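So the structure is just underneath, and the comments pick up after that.
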Amino acid sequence: MELGAMNNPAGKISKEIEWIGMNGFDFVDLTLEVNARPEKVDCNRLKDLLARFQLGIIGHTPWFLPAAVEYQELIDASLKVFKRCLEIFKNLGTRLVNIHPFPARRILGHERIINLNIEMTARVKEVAGEFGIDLALENVEPFYEIFDIAEIINGVPGLGFHLDVGHVFLSRKGTTLSEYLNRFGPILRHIHLSDNFGTDDLHLPIGAGNINWKDVIDQIKRSGYDGTITLEVFSREREYLRLSRDKIISLWKGELET
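Per our numbering, the sequence shown starts with residue 15, numbered consecutively.
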């Protein structure tokens, strides 16, 4: 298992990577938004930092782009942003990038919303493939349920799955972690961890919410997954991220009971 951290998009990107490297993480989960949006990225500077701290890198694309719409201008603009992000990730040596399902107005109907997602995701995956990058779909609001994610993945051949454990516990229909692991285990490419109380996506430190993390880690290990895991924890006090790191490592090693 490799454990990484995401840069806080509100922070200075170089400082974020330095902190991640200096605190014993294996990789940075680089999200390109806010202060780390594409035009703010100095690829040469970031490559130097990644090499200095021997950090791997995984790419995280903006989750809020208006791509599942009936306006071609917005679709084209969103695709342009995705292409720019993928160019940066390729330059940085990234081999895996995530993508989020695109929310849409319910008036369009479920079938049309899913089809718009399939069409856009397929276009982004095609560009990613040209850059030698694999693409993985994250379970995220309002697509918390397995059947929504499955419809999109089935419609885009070769698309991987990115499991956000915190989001699983926000399912309104009670979809469980074991159901996700059983359904998408063979194509699971990456995992995000953060805590919450089952109502909002709070990105709390591990142990600060009500998720049973021993059970979560046990289930992940039983599934056979031993790849990259990101702590998507945001707090003004960085000590909480270090504590989250230590707790997950101890749970993975079987050193903690809770």
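We put the beta carbon where it would ideally sit given N, CA and C, even for glycine.
Everything numeric in this text was worked out from a predicted model, so none of it was measured.
Look at the alpha carbon of residue i and the alpha carbon of residue j, and state the distance between them as a whole number of angstroms.
i, j, result
"D229", "I166", "28 Å"
"P80", "S92", "7 Å"
"N6", "E32", "Since the first residue shown for the chain is 15 and the last is 272, residue 6 is missing from the structure and cannot be characterised."
"R197", "I205", "15 Å"
"E269", "E87", "53 Å"
"L122", "I89", "16 Å"
"P115", "W77", "8 Å"
"L110", "T75", "11 Å"
"W227", "I127", "34 Å"
"P200", "E251", "37 Å"
"V179", "D56", "31 Å"
"F161", "E193", "11 Å"
"L202", "K94", "27 Å"
"Y85", "E30", "36 Å"
"K54", "I220", "30 Å"
Going by beta carbon distance, what residues of the same chain come within less than 8 Å of residue i, once the five residues before and after it are set aside?
i, result
"A222", "D209 and Y254"
"L184", "E155, Y158, N210, G212, T213, D214 and D215"
"K235", "W266"
State the start and end residues of the unbroken alpha helix (DSSP H) segment that holds residue i.
i, result
"M15", "No alpha helix (DSSP H) holds M15; DSSP gives it neither H nor E."
"T135", "H124 to E144"
"R98", "Q86 to N105"
"R66", "C57 to R66"
"R197", "L191 to F198"
"F161", "I160 to G169"
Keeping to the same chain, check which residues put their C-beta closer than 7 Å to that of residue i; ignore five residues upstream and five downstream.
i, result
"I71", "F41, V42, L44, L64, L106, G107 and T108"
"N131", "A82, P115, F116 and I166"
"P52", "L46, R98, C99 and I102"
Are the beta-carbon atoms of residue i and residue j separated by less than 8 Å?
i, j, result
"K26", "N58", "no"
"K139", "G172", "yes"
"G73", "F103", "yes"
"L177", "I147", "no"
"L245", "A19", "yes"
"V83", "A136", "no"
"N153", "H124", "no"
"I225", "L265", "no"
"L195", "S237", "yes"
"L151", "F175", "yes"
Keeping to the same chain, check which residues put their C-beta closer than 6 Å to that of residue i; ignore five residues upstream and five downstream.
i, result
"T190", "none"
"F67", "G35"
"L216", "N210"
"D240", "M15"
"F248", "N22 and H217"
Can you name the start and end residues of the beta strand (DSSP E) that residue i belongs to?
i, result
"N224", "Where N224 is concerned, there is no enclosing beta strand (DSSP E), given that its DSSP letter is neither H nor E."
"G174", "G174 to D178"
"D209", "Per DSSP, D209 belongs to no beta strand (DSSP E) and is neither H nor E."
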